[in-house]
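Using my numbering, you'd call the opening residue of the sequence shown number 0 and step up by one each time.
Glycine included, C-beta positions come from ideal geometry on N, C-alpha and C.
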Amino acid sequence: MPHRPLGRAQSSPATASIKGAPMGEVPIKHLFTTGLVYDTFMLKHQCMCGNTHIHPEHAGRIQSVWSRLQETGLLGRCERIRGRKATLDEIQTVHSEYHTLLYGTSPLNRQKLDSKKLLGPISQKMYAVLPCGGIGVDSDTVWNEMHSSGAVRMAVGCVIELAFKVAAGELKNGFAVVRPPGHHAEESTAMGFCFFNSVAITAKLLQQKLGVSKILIVDWDIHHGNGTQQAFYNDPNVLYISMHRYDDGNFFPGSGAPEEVGVGPGVGFNTNIAWTGGVEPPMGDVEYLTAFRTVVMPIANEFSPDVVLVSAGFDAVEGHQSPLGGYNVTAKCFSHLTKQLMKLAGGRVVLALEGGHDLTAICDASESCVAALLGDELDPLPQAVLQQKPCPKAAASLERVIEIQSKHWSSLQRLAPTVGQSLMDAQRREKDEADTVTAMASLTVDTEQAAASTVSTETSRSTEEPMEEEPVL
Ligand code: Q9C
Ligand code: ZN
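Rendered as structure tokens:
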């Protein structure tokens, strides 16, 4: 028999062992790949009124995003991972038992629980009957008694699965195409389309099950993530940074003041970049990039996280009207923000979709962010964006955050005077500063060398004598 060596495809695939990886061995190609997760089970969460037009958080959102990733060929370049429904125990890392059972069970699987757990009140749960004819917590936060619990548990489980693979080093980074969103969901409160806080639950599990020590959560949805802030308010190991429209508490959900910095050991580990002043002018790329330059990235670098989770809502993208938006950030801007975050945590970044209902906006932004995660070269920022100064209201909001947070993050101080500068001017100034430091360092080295050579000739006859420490300059 002629001896024929097996090709790679015919033999076992190339694998690598990873410390902490649940499977022990994973294909090598995954290590360099962006993971994506999506499951059609999440489409079943729909108001019983059947009218998707009056409910902006509808199934078409994630269907459209998933199709866009398919059509553009991005999906084919990523690794699709399997989602699953989160367990009730997992959900209870953030939510109360009552809340977990209320929204995590359907009449079908509740029967089994009822007898065991004596959940009297659950079987007669109270919902509002909405003007549309459906039921829900409010007209945003609708509920389908048969199908919603499976969908909301799937959204959580998808984010958990993806983040665990990234944290364990089985995937480079990832993007979760999930709904309903989660960042407004508090321990025992469903609101703002949200029932279970997928990102918060994932962060708790990364701490508890994988022993991840420092987690950064960046929330760029236009709304403050009140649920996420609450979940980690006293925790110094989870840094929450939110950028949101605040308008002195007059924008939903009303929380997220810059003075909310955390409590107890968590003081300083909650940062609210709270835009104020309405939409005259609306915030845009310049303001978001300036916030990253002067607050988000300096604090994030100082914190030095092991993993970065992003509550990636896209309702700040142009195309969203108040009260679900009002800003003018471009979809492409979010790829630049993503690229900056990839400099942290060895690149272990996981984005999870939160809000955003304009289909063009959320598809464009998701596409841009996945391209960034894959390492594609980004379109450069337009010259106008680089040259423009942030609007005075944004500069004032940033000055306020810096004033409050510089007590906790020393890198912020020197940036306070620069918040009004254009990105181009700031870049030039930073380069000049870096050049000055380099020049000073080489000057110091030259002087030391000169001093050393002088000393060595002078003391050539008594080498055992300790050298005097000469002051430089
Ligand atoms: N009457 C997300 O983007 N609208 N949620 C409140 C008040 C709530 C947005 C209207 C908007 C929630 C995830
Ligand atoms: Zn939102």
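Residue closest to residue i, alpha-carbon to alpha-carbon, out of the options
i	options	result
I298	L68, I214, K164	I214
G82	V93, I159, Q91	I159
P281	D314, P252, S254	D314
Y37	G283, E429, W65, Q45	W65
R109	K84, M145, I53	M145
D424	V384, L411, R178	V384
G277	D434, G263, C390, L129	C390
R152	V141, S138, N172, F194	F194
Q207	G318, G224, A166, N143	A166
P179	K388, I61, A364	I61
I90	K203, G267, L308	K203
K331	A162, N143, L372	L372
A360	L377, T270, V328	V328
V285	A370, S187, A393	A393
A311	Q339, V295, G354	G354
L340	V262, W219, K43	W219
G210	D305, R347, T188	D305
M47	S254, P252, D139	D139
G255	N271, E279, G267, G324	N271
Contact test: residue i Cβ vs the ligand Q9C heavy atom, cutoff 7 Å
i	result
C131	no
H182	yes
F251	yes
C193	yes
L35	no
L323	yes
D139	yes
Host alpha helix (DSSP H) of residue i (start-end)
i	result
H243	Careful: H243 lies outside any alpha helix (DSSP H), inside the beta strand (DSSP E) at 237-244.
A150	147-166
N300	296-302
V177	Premise fails: V177 is in no alpha helix (DSSP H) and is neither H nor E.
D284	284-290
V278	Premise fails: V278 is in no alpha helix (DSSP H) and is neither H nor E.
Element boundaries [beta strand (DSSP E), containing residue i]
i	result
N327	From DSSP, N327 is part of no beta strand (DSSP E); its letter is neither H nor E.
R79	78-80
A477	Outside the shown range of the chain, which is 0 to 472, sits residue 477, and nothing can be said about it.
V36	33-36
A351	348-352
D378	Run containing D378: none; DSSP gives neither H nor E here.
W274	269-274
Straight-line gap, residue i to residue j (C-alpha atoms, nearest Å)
i	j	result
A20	L170	Unreliable placement is indicated for A20, whose pLDDT of 49 sits below 50; the coordinate value is still reported in the next sentence. Approximately 11 Å, taken between the alpha carbons.
K342	N300	9 Å
E463	P235	At E463 the pLDDT is 40, less than 50, meaning the model places this residue with poor confidence and gives no usable figure here.
R292	H335	12 Å
A438	E429	14 Å
L352	S421	30 Å
L35	S441	47 Å
G168	T32	10 Å
Q69	R76	10 Å
V260	Q386	32 Å
K388	I401	18 Å
F302	S410	11 Å
V369	C362	11 Å
H57	V141	10 Å
I53	G132	12 Å
L129	I221	26 Å
D431	L205	41 Å
K43	S147	7 Å
K338	G419	23 Å
L358	S63	7 Å
G191	H407	31 Å
A189	G374	36 Å
R67	E366	7 Å
V136	A184	12 Å
F174	H319	22 Å
E258	L73	41 Å
L397	N196	27 Å
V237	K84	24 Å
The ligand ZN heavy atom lying under 7 Å from the CB of residue i
i	result
E317	no
D314	yes
H57	no
I216	no
H222	yes
Cβ-heavy atom distance, residue i to the ligand SAM, below 7 Å
i	result
G354	As far as ligands go, the structure on display features the ligand Q9C and the ligand ZN and does not contain the ligand SAM.
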